[in-house]
Amino acid sequence: MAGGRAEGAAQVVDARPAPMLERALATAALRVGDGIAGLGLGTTAWQSRRLESTRAFEDLDPNALCLMIDPPDMTAKEMAGHSTDVLAALTGLIVLSPPMTDALVEVQTIGRVDGAARPSRRPTRIDAALVQPFARSLLDQTQRLASPDSSEPKIGALRTGSFVAGPESLTLILTAHHFLRLDLDLELGDGVRGATVSIMLPMDDLALPQVGESIDPEAAWKAAMREVAMDAPVLLQAVLPPLRLPLSQLLSLKVGDIVPLPSHALTEVALHGGSSGITQPGRASIPRGTSMVARLGQLNGIRAVKIAALPGEAVSLMPRDDPAAGDFGGMSAQLAMEASAMAARPSSSIETSSMDGSTDSSNTLSEASEATDPPDLPDLPDLPDLPDLPPLN
Numbered sequence: 001m002a003g004g005r006a007e008g009a010a011q012v013v014d015a016r017p018a019p020m021l022e023r024a025l026a027t028a029a030l031r032v033g034d035g036i037a038g039l040g041l042g043t044t045a046w047q048s049r050r051l052e053s054t055r056a057f058e059d060l061d062p063n064a065l066c067l068m069i070d071p072p073d074m075t076a077k078e079m080a081g082h083s084t085d086v087l088a089a090l091t092g093l094i095v096l097s098p099p100m101t102d103a104l105v106e107v108q109t110i111g112r113v114d115g116a117a118r119p120s121r122r123p124t125r126i127d128a129a130l131v132q133p134f135a136r137s138l139l140d141q142t143q144r145l146a147s148p149d150s151s152e153p154k155i156g157a158l159r160t161g162s163f164v165a166g167p168e169s170l171t172l173i174l175t176a177h178h179f180l181r182l183d184l185d186l187e188l189g190d191g192v193r194g195a196t197v198s199i200m201l202p203m204d205d206l207a208l209p210q211v212g213e214s215i216d217p218e219a220a221w222k223a224a225m226r227e228v229a230m231d232a233p234v235l236l237q238a239v240l241p242p243l244r245l246p247l248s249q250l251l252s253l254k255v256g257d258i259v260p261l262p263s264h265a266l267t268e269v270a271l272h273g274g275s276s277g278i279t280q281p282g283r284a285s286i287p288r289g290t291s292m293v294a295r296l297g298q299l300n301g302i303r304a305v306k307i308a309a310l311p312g313e314a315v316s317l318m319p320r321d322d323p324a325a326g327d328f329g330g331m332s333a334q335l336a337m338e339a340s341a342m343a344a345r346p347s348s349s350i351e352t353s354s355m356d357g358s359t360d361s362s363n364t365l366s367e368a369s370e371a372t373d374p375p376d377l378p379d380l381p382d383l384p385d386l387p388d389l390p391p392l393n
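Residues in the sequence shown are numbered from 1 upward in steps of one, following full-length UniProt numbering.
Structural data, given as structure tokens:
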């Protein structure tokens with residue numbers, strides 16, 4: 001019989017969690033294949049297995065064409081109302097091996113299967129468009145042939161426009177913990193080429209959620225953990241721009257010496273996270289692009305910095321020749337960070353400690369615990385009043 005199992009072909013019968021769905025898939029493949037002239041499709045073997053997600057995709061061909069399967073009995077409106085996390089846990093997959101993809105492309109371009117399989121290649125969007133009618137018909141026929149009263153997983157419809165070139169990222173796209181995997185071995189071109197079609201269906205026994213509901217049993221815990229983490233204190237360090245000095249001048253510094261800073265230093269303060277390691281030797285550093293740029297000044301009599309640019313944004317600062325200007329137009333964020341004078345004590349100059357590590361009460365680089373009231377710095381420009389921060393949602 002055309003499409004029948006070849007002499008001596010062994011059908012895999014061990015570990016079969018869905019025997020009725022296996023037969024429905026094999027019969028559906030024969031029916032769909034009969035309607036495609038020149039394909040010459042026949043079935044040789046099939047099997048079903050229940051696999052963990054870590055093993056479900058491990059033996060797929062790296063150049064296989066993967067198409068998504070929507071959850072069964074879910075309307076387009078319900079699909080649009082669910083979150084991506086819910087859909088990722090309920091989405092299935094149909095996988096076509098490279099010989100199967102090539103055969104479907106060949107019968108639609110030259111009218112026949114062009115001999116034995118050629119070396120596999122990476123599938124393209126054109127390949128996906130040409131094989132989707134076959135995949136859609138195969139799923140529809142399997143769904144019709146499957147018993148509606150069976151306890152085996154149901155097959156949904158093909159997701160329009162879905163396309164994944166290779167299985168490398170499937171563990172990130174499909175998040176079910178267990179899958180029912182149906183493997184169907186085929187012969188194409190009246191036996192000149194072998195191919196495989198695999199269908200994977202989520203098998204986590206999850207009830208179909210209502211729109212807006214989550215299927216994650218730990219969703220409430222994760223939300224509470226996120227809220228607690230967002231309230232955790234984070235150290236932020238304001239750092240003036242680097243300063244270059246002749247080595248001879250550096251070696252001659254002593255307690256009480258003053259090192260002048262350029263006038264634009266106040267407009268180029270960098271805010272680094274305390275764990276960035278940029279200012280703490282021995283720690284692994286993170287890219288400097290994650291730092292924020294700020295301008296130094298004061299707010300309500302307290303030294304403060306105002307955010308000038310967030311990470312990755314272009315810096316828009318005041319002209320360097322007018323550091324005392326009060327206009328902050330062009331700033332990318334309306335944030336104010338009040339800092340105590342003990343921790344910051346910025347000025348337009350830096351006083352140093354002695355080279356042997358001793359400190360002086362006038363040393364602005366000493367520990368905050370040794371400082372008292374901040375010195376009066378009349379040349380430090382004032383910051384205009386900043387708006388209150390909006391409450392967090």
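Every residue, glycine too, gets a C-beta built ideally from N, C-alpha and C.
{"Check": "Candidates Leu250, Leu240 and Ala116, of which the one nearest Gly297 by Cα", "Outcome": "Leu240"}
{"Check": "The stretch 145-156 in contact with the stretch 129-137 per 3-pair CB rule at 8 Å", "Outcome": "no"}
{"Check": "Sub-8 Å separation of Leu186 and Val197 beta-carbons", "Outcome": "yes"}
{"Check": "Endpoints, alpha helix (DSSP H) assigned at Pro98", "Outcome": "Pro98 to Thr109"}
{"Check": "Whole-number beta carbon distance between Leu39 and Ala103, since they are thought to touch under 8 Å", "Outcome": "6 Å"}
{"Check": "Met79 beta carbon less than 8 Å from that of Leu87", "Outcome": "yes"}
{"Check": "Runs of alpha helix (DSSP H) lying entirely within the stretch 108-180, each at least 4 residues, in chain order", "Outcome": "125-145 and 170-173"}
{"Check": "C-alpha gap between Ile69 and Val228, whole angstroms", "Outcome": "37 Å"}
{"Check": "Beta-carbon proximity of Leu271 to Val234, cut-off 8 Å", "Outcome": "no"}
{"Check": "Bridge partner(s) assigned by DSSP for Glu52", "Outcome": "His178"}
{"Check": "Any non-hydrogen atom of the ligand COA within 7 Å of Gly92 CB", "Outcome": "For the ligand COA, the structure offers nothing, since it holds no ligand at all."}
{"Check": "Nearest candidate by alpha-carbon position, reference Val131, set Pro242, Gln108, Glu152 and Ser150", "Outcome": "Gln108"}
{"Check": "Beta-carbon separation (whole angstroms), Leu243 vs Leu261, contact threshold 8 Å", "Outcome": "7 Å"}
{"Check": "Rounded straight-line distance, which links the Cα of Met200 to that of Gly92", "Outcome": "6 Å"}
{"Check": "Nearest to Asp127 (by Cα), restricted to the options Pro99, Leu266, Pro17 and Leu51", "Outcome": "Pro99"}
{"Check": "8 Å contact criterion, which Leu25 and Gly33 should meet: CB distance rounded", "Outcome": "Not confirmed; about 12 Å, so no contact."}
{"Check": "Sub-8 Å separation of Ala238 and Ala165 beta-carbons", "Outcome": "no"}
{"Check": "CA nearest to the CA of Ser48, picked from Phe179, Leu145, Pro311 and Val269", "Outcome": "Phe179"}
{"Check": "DSSP state of Leu41 mapped onto helix, strand, coil", "Outcome": "coil"}
{"Check": "Gly115 vs Val192 beta-carbon contact at 8 Å", "Outcome": "yes"}
{"Check": "Local Cβ density within 10 Å of Leu184, reported as buried at 16 or more and exposed below that", "Outcome": "buried"}
{"Check": "Pairwise C-alpha distance: Pro62 and Val105", "Outcome": "19 Å"}
{"Check": "Helix, strand or coil at Arg16 according to DSSP, with G and I counted as helix", "Outcome": "coil"}
{"Check": "Contact set for Leu245: own chain, Cβ-Cβ below 8 Å, skip 5 residues either direction", "Outcome": "Val259"}
{"Check": "Integer-rounded CB distance, given that Ala146 should sit under 8 Å from Leu21", "Outcome": "6 Å"}
{"Check": "Straight-line gap, Thr75 to Thr101 (C-alpha atoms, nearest Å)", "Outcome": "29 Å"}
{"Check": "Where Thr91 falls: helix, strand or coil (DSSP)", "Outcome": "coil"}
{"Check": "Cβ-based neighbour list, Leu170, same chain, cut-off 6 Å, excluding 5 preceding and 5 following", "Outcome": "Phe57"}
{"Check": "Enclosing beta strand (DSSP E) for Met200 [first to last residue]", "Outcome": "Arg193 to Pro202"}
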